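Numbering (our numbering), first residue to last: 1296 to 1760.
Just so you know, even glycine gets a beta-carbon here, dropped at the ideal spot from N, CA and C.
Nothing here was measured: the structure is a model prediction, and the numbers come from that model.
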Amino acid sequence: MSFNCRFAPSPTGPLHIGGVRTALFNWLLAKKNKGNYFLRIEDTDKERSKEEFKEQIISSLAWLGIKHDGEAYIQSKNISKHVAVAEELIKKGFAYECYCSEDEINEQKEKCKKQGIPYIYNRKWRDPKDLKKPIDVKPVIRFKSKISGNTIIKDLVQGDRNISNSTIEDFVILRKDKSPTYQLSATVDDNELKITHVIRGDDHMINSFKQKQIYDAMKWEVPSFAHIPLIHSEAGKKLSKRDNASTINDYIKIGIIPEALRNYLLRLGWSYKDKEIFSLKESIDLFNFEGIGKSPSKLDMSRILSMNEHYIKNIDENDLFDQLTEYCKLYKSEIQSDKKDKIKKSLTFLKNKAKTLEDIFNNGQYIMSDEVNFNQDDIKLIDDKAKKVISDFSNQFSSVDKLSKETLEPIVNELIKSNDTNFKGVGQPLRIALTGSKFGPGIYDIIISLGKEEVMKRLTNKKLG
1296 MSFNCRFAPS PTGPLHIGGV RTALFNWLLA KKNKGNYFLR IEDTDKERSK
1346 EEFKEQIISS LAWLGIKHDG EAYIQSKNIS KHVAVAEELI KKGFAYECYC
1396 SEDEINEQKE KCKKQGIPYI YNRKWRDPKD LKKPIDVKPV IRFKSKISGN
1446 TIIKDLVQGD RNISNSTIED FVILRKDKSP TYQLSATVDD NELKITHVIR
1496 GDDHMINSFK QKQIYDAMKW EVPSFAHIPL IHSEAGKKLS KRDNASTIND
1546 YIKIGIIPEA LRNYLLRLGW SYKDKEIFSL KESIDLFNFE GIGKSPSKLD
1596 MSRILSMNEH YIKNIDENDL FDQLTEYCKL YKSEIQSDKK DKIKKSLTFL
1646 KNKAKTLEDI FNNGQYIMSD EVNFNQDDIK LIDDKAKKVI SDFSNQFSSV
1696 DKLSKETLEP IVNELIKSND TNFKGVGQPL RIALTGSKFG PGIYDIIISL
1746 GKEEVMKRLT NKKLG
């Protein structure tokens, strides 16, 4: 059996991190089973849908390595098919015109609210009998849901879910302006794409019961459903767009790399034995429904940073440099061409203790900038004793031909002795003079990365006094 899966976001805002995980799970299932993964942009909400969000969704998923098969499917281009299916449902007796006014509906909702019960449309126009169609009201089209019996969904994550059909209202499938609603459009498009498995958040469970009725009415093959628990914030609440870490852009901007975020999202609510790190091939080969938990997963920023640090340390440095270059270009300042070689050669130590690409950028600022930007608190540490250390080092350093730890260490050791100090007493003044801060890479790494000419220039900086 060929597996067809899809991810169907609405372009009404930036891509939510929960949606990214849903896309990943659908993509992994399709690739594992040699099937197709489709991206469907559900843009039928004309007022809120924006082209910029559509482009952001597509580019963000591509950045993460989740590439859809074929062209992105634009739902609004298929509206005529949705309407045709609604008309067919009316002919078959599975849908009807409802002439209730907005006031009537609001009155029903208010009545239910006072009684403390959920609102369900009272089915007034389901069997109109003697009702006269009002001339001044455009009807909506409602699906004629089953009233008796139960519907069962054999959910691949949650297990069998059984609800009474009486709790499913006669939901709207065409609005007054004849535009289709989500329930109709999603069902028609899933059938058109021959979707075999629908993986989505468990907040869609009631939608699956509604959509199954449309499948049954049209005698279409019902896909397998898998409802995955939602992602909660670190506070344990449902993750909303107001949270700082709710969209994929929130992670890209601080320098989380795609391999790390993909691995983290895979493990967020899914597990395989006690394994933590998964290559792309392992992710595809090992992914299964059995490993998906039934409880909400809590977003853990410290775990994301830890995962990112692991990948920064272990991926190929050429790849890391390419990612850093692109990150700086988009979110910081572009690395100048005459600095690129120095940065690339220094990545081995610039990435030490770096949890993000932003950390590497910050660690490498002293190389990227021609001017030393002194931390005002740290420059106060350059007292007379520190100035003497800098001067003594400069004098001895000027005669060094080849820069290496082996040629620099004897100079530092001699300065420690002659100035009656320790390694910090020599290293800290030099680090401040060369980078502007007492924090940063090891002093030998700093000197070697800058080169002799630049080191001499910085050691004689007039700002040091």
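As assigned by DSSP and simplified to three states, the class of residue i
i        : result
Ser-1450 : According to the sequence as given, residue 1450 is Asp; it is not Ser. Three-state DSSP puts Asp-1450 in a strand.
Glu-1392 : strand
Ile-1743 : helix
Tyr-1546 : helix
Ile-1711 : helix
Arg-1557 : helix
Ser-1592 : strand
Trp-1515 : coil
Tyr-1414 : coil
Ile-1738 : helix
Tyr-1661 : helix
Ile-1369 : strand
Arg-1753 : helix
Thr-1339 : coil
Arg-1316 : helix
Pro-1423 : coil
Phe-1582 : coil
Asp-1696 : coil
Phe-1573 : coil
Asn-1603 : helix
Residue i burial status per 10 Å Cβ neighbour count (16 or more: buried)
i        : result
Pro-1518 : buried
Ala-1481 : buried
Lys-1650 : buried
Ala-1530 : exposed
Glu-1350 : exposed
Ile-1547 : buried
Lys-1589 : exposed
Leu-1710 : buried
Phe-1734 : exposed
Asp-1398 : exposed
Phe-1520 : buried
Ile-1463 : buried
Gln-1618 : buried
Ile-1412 : exposed
Beta-bridge pairing of residue i - partner residues as DSSP gives them
i        : result
Arg-1301 : Phe-1333
Leu-1469 : Ile-1436 and Pro-1475
Asp-1455 : Lys-1449
Phe-1520 : Val-1493
Lys-1533 : His-1527
His-1363 : For His-1363, which the question treats as bridged, DSSP gives no partner whatsoever.
His-1311 : Thr-1542
Trp-1565 : Ile-1587
From the options, residue whose alpha carbon lies closest to that of residue i
i        : options                                   : result
Ile-1352 : Gly-1330, Ala-1381, Ser-1371 and Val-1315 : Val-1315
Ile-1374 : Lys-1433, Glu-1487 and Lys-1439           : Glu-1487
Asn-1658 : Ile-1741, Lys-1441 and Arg-1557           : Ile-1741
Ile-1369 : Ser-1305, Leu-1534 and Ala-1555           : Ser-1305
Tyr-1416 : Ser-1592, Asp-1425 and Ser-1396           : Ser-1396
Pro-1591 : Lys-1568, Leu-1525 and Ile-1448           : Leu-1525
Ile-1549 : Leu-1594, Tyr-1414 and Asn-1603           : Asn-1603
Lys-1439 : Gln-1403, Lys-1719 and Tyr-1510           : Tyr-1510
Ile-1447 : Lys-1433, Lys-1404 and Gln-1506           : Gln-1506
Lys-1648 : Ser-1503, Asn-1609 and Leu-1625           : Asn-1609
Ala-1555 : Ser-1574, Cys-1623 and Gln-1453           : Ser-1574
Gly-1496 : Pro-1475, Asp-1450, Thr-1476 and Ile-1677 : Asp-1450
Glu-1516 : Lys-1489, Lys-1533 and Leu-1645           : Lys-1489
Val-1452 : Asn-1717, Arg-1418, Met-1500 and Ile-1430 : Met-1500
Leu-1581 : Leu-1561, Ser-1597, Lys-1593 and Asn-1717 : Leu-1561
Glu-1748 : Lys-1712, Asn-1714, Leu-1698 and Lys-1362 : Leu-1698
Glu-1605 : Lys-1624, Glu-1571 and Ile-1630           : It should be noted that the sequence gives His, not Glu, for residue 1605. When each option's Cα is compared against that of His-1605, the closest is Glu-1571.
For residue j and residue i, believed in contact at Cβ under 8 Å, the rounded distance
i        : j        : result
Phe-1692 : Lys-1758 : With a Cβ gap of about 19 Å, Phe-1692 and Lys-1758 do not count as contacting.
Asn-1321 : Phe-1302 : 5 Å
Asn-1328 : Phe-1298 : 4 Å
Val-1684 : Gly-1731 : The pair is not a contact, with the Cβ atoms about 17 Å apart (cut-off 8 Å).
Lys-1341 : Val-1483 : The Cβ separation is near 18 Å, so there is no contact.
Leu-1324 : His-1527 : Rounded, the Cβ-Cβ distance is 23 Å, inconsistent with contact.
Ala-1512 : Phe-1389 : 4 Å
Ser-1354 : Thr-1307 : Going by Cβ atoms, the distance from Ser-1354 to Thr-1307 rounds to 17 Å, so no, they are not a contact pair.
Ile-1587 : Gly-1564 : 6 Å
Asp-1465 : Arg-1437 : 4 Å
Ile-1312 : Ile-1543 : 6 Å
Ile-1442 : Asn-1460 : 6 Å
Ile-1599 : Tyr-1559 : 5 Å
Met-1751 : Ser-1689 : 7 Å
Any non-hydrogen atom of the ligand SAH closer than 8 Å to residue i Cβ
i        : result
Ser-1459 : What this structure holds is no ligand at all, so the ligand SAH is not there to describe.
Residue i at chain B interface by Cβ criterion, 9 Å
i        : result
His-1499 : Protein chain content of the structure displayed is limited to a single chain, and chain B is not contained in it.
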